[in-house]
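Asks: FYI, in mature numbering (1 follows the signal peptide of the UniProt record, and there is no 0) the residues of the sequence shown are -17 to -1, 1 to 267.
A virtual CB, placed ideally from N, CA and C, is assigned to each residue, including glycine.
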Amino acid sequence: MKKYFLLILLAFLNLNAQNNSILKYTKRNVECEDKWVVFPQSKDSTYIFGFIYIDSQAGLTFNYEGSFKIENDGKFILIEQKDIKHGLKVRLEPDDSKFAEVPEAKYSELKIKKIPDWLSVYKDGEGTIERLYRWGYLYNGYGECEKALTFLLEAEKKNPNFEGLQVEIAYAYNHLGKYELAELSLNKAIKFNSKDCYVLKELAYTYTKQKKYDKGVQILDKMKKTCSEETTYIIETAYNFALEYYLVKDKKNFLKWKEEVLKLSTKENVYTKNVVIMENELNK
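1) If you drop the 5 nearest sequence neighbours on each side, which residues of the same chain put their C-beta closer than 6 Å to that of E127?
2) Taking buried to mean at least 16 other C-beta atoms within 10 Å of its own C-beta, is residue 268 buried or exposed?
3) Starting from the Cα of L183, find the closest Cα among Y216, E212 and Q193 and give me that residue.
4) What whole-angstrom Cβ distance do A41 and R74 have, given they're in contact under 8 Å?
5) Specify the secondary structure class of I173 as computed by DSSP and reduced to three states.
6) Helix, strand or coil, according to DSSP, for G124 in the structure here?
7) With a CB to CB cut of under 8 Å and the five nearest residues on each side skipped, what residues in its chain are close to F22?
8) How would you write the range of the beta strand (DSSP E) that N46 sits in, first residue to last?
9) Determine the extent of the alpha helix (DSSP H) in which K235 is found, giving its start and end residues.
10) Can you tell me whether DSSP reads V20 as helix, strand or coil?
11) Expressed to the nearest angstrom, what Euclidean distance is found between the alpha-carbon atoms of M206 and V258?
12) Can you give me the Cβ contacts of Y8 inside the same chain, cut-off strictly under 6 Å, excluding the 5 residues immediately before and after it?
13) Just the Cα atoms here: how many angstroms apart are F59 and W19?
14) May I have the straight-line CA-CA distance separating L265 from N236, to the nearest angstrom?
15) Please report the straight-line C-alpha distance between E48 and T111, rounded to a whole angstrom.
16) Could you name the residues that DSSP lists as bridge partners for K72?
17) In terms of alpha-carbon separation, which member of Y154, K106, V104 and C180 lies closest to Y120?
18) Identify which residue in I5, F34 and I37 has its Cα closest to the Cα of Q24.
19) Suppose you measure from the CA of K96 to the CA of K89; what does that come to, to the nearest Å?
20) Can you check whether the CB of L102 is closer than 8 Å to the CB of Y36?
21) Quick one: Cα of L115 to Cα of Y196, how far?
22) What residue range does the alpha helix (DSSP H) around A225 cover?
23) Determine the DSSP secondary structure at S39, reduced to helix, strand or coil.
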């Protein structure tokens, strides 16, 4: 009896190993634009699959296609295939969940094309500066700044003065720690609109990360004069100074900027809470 059970267990483990060799769960959803993907196996041994694409308005989207099982010989058996016109679409938020790409050799077994016919609707305007900017903006929002730059730098070739482009490029560079490149882009943006509060905030942040504190303070002073309605940007900028001094344990300058944050804030918010926490840490 034990021998019989062992044979069944070995067969099960061998099947799972074979399935795992076919499907590699290594991709996050933000890495799967225009890809056929598979969810992890469900309790009933079926796999849900579909296509991930980007809707210019809704962002990252999963289009449910159906489900399948994997036979002992590795063949994919399609269980269900829905009417594409009535497909279930799920908006995705970036996370660390892993998907597997459907191997191209299995497309015929699942009765799918590499590029589904319906996708053409979502490719309208592909290659235009508006679309390149939008995709860069979305990928920046997903935290995929290297990917964002592939779109944004292509857009820059078409029109470097396109509204919002330079600050979006700078945001990506700042996220990647390439502060000198961010500064170059922001100075271009400033020439285009010297009173853009978001641009000023990003430039002050860039100067702060480069430890060009005097320049950062000059930008903050300008923000106080021209961005009176954008108080969050002003508080955030003061907070960034406090944070930098906290990180190097410069208590004197930290306290100076902590007081600035508290003075600028009209109510308790994440910045005021954080500077209090940081002060407590420095006092330990």
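Replies: Reading it off the structure:
1) Same-chain partners within the cutoff: V13.
2) Limits of the chain in this structure are -17 at one end and 267 at the other, which puts residue 268 out of reach.
3) Nearest neighbour of L183 by Cα position, chosen from Y216, E212 and Q193, turns out to be Y216.
4) Right, their Cβ atoms sit about 6 Å apart.
5) Three-state DSSP puts I173 in a helix.
6) In the structure shown, G124 falls within a helical segment according to DSSP collapsed to helix, strand and coil.
7) Within the same chain, F22 has close Cβ partners Y30, I31, F32 and F82.
8) Annotation: the continuous beta strand (DSSP E) that includes N46 extends over G42 to I53.
9) Segment K234 to L247, the alpha helix (DSSP H) holding K235.
10) Note: V20 maps to strand in three-state DSSP.
11) The straight-line gap from Cα to Cα measures roughly 21 Å.
12) Closer than 6 Å at Cβ, skipping near neighbours: K81 and A83.
13) Those two C-alpha atoms are separated by around 14 Å.
14) Between L265 and N236, the C-alpha separation is close to 12 Å.
15) Roughly 29 Å separates the two Cα atoms.
16) In DSSP, K72 forms a bridge with N46.
17) When only C-alpha atoms are compared, the closest one is Y154.
18) Selected option, being the one with the closest Cα: I5.
19) The straight-line gap from Cα to Cα measures roughly 10 Å.
20) Yes, the Cβ-Cβ distance between Y36 and L102 is below 8 Å.
21) Each residue's Cα considered, the two are about 34 Å apart.
22) Its alpha helix (DSSP H) spans residues T214 to L230.
23) In the structure shown, S39 sits in coil (DSSP, three-state: anything other than H, G, I, E or B).
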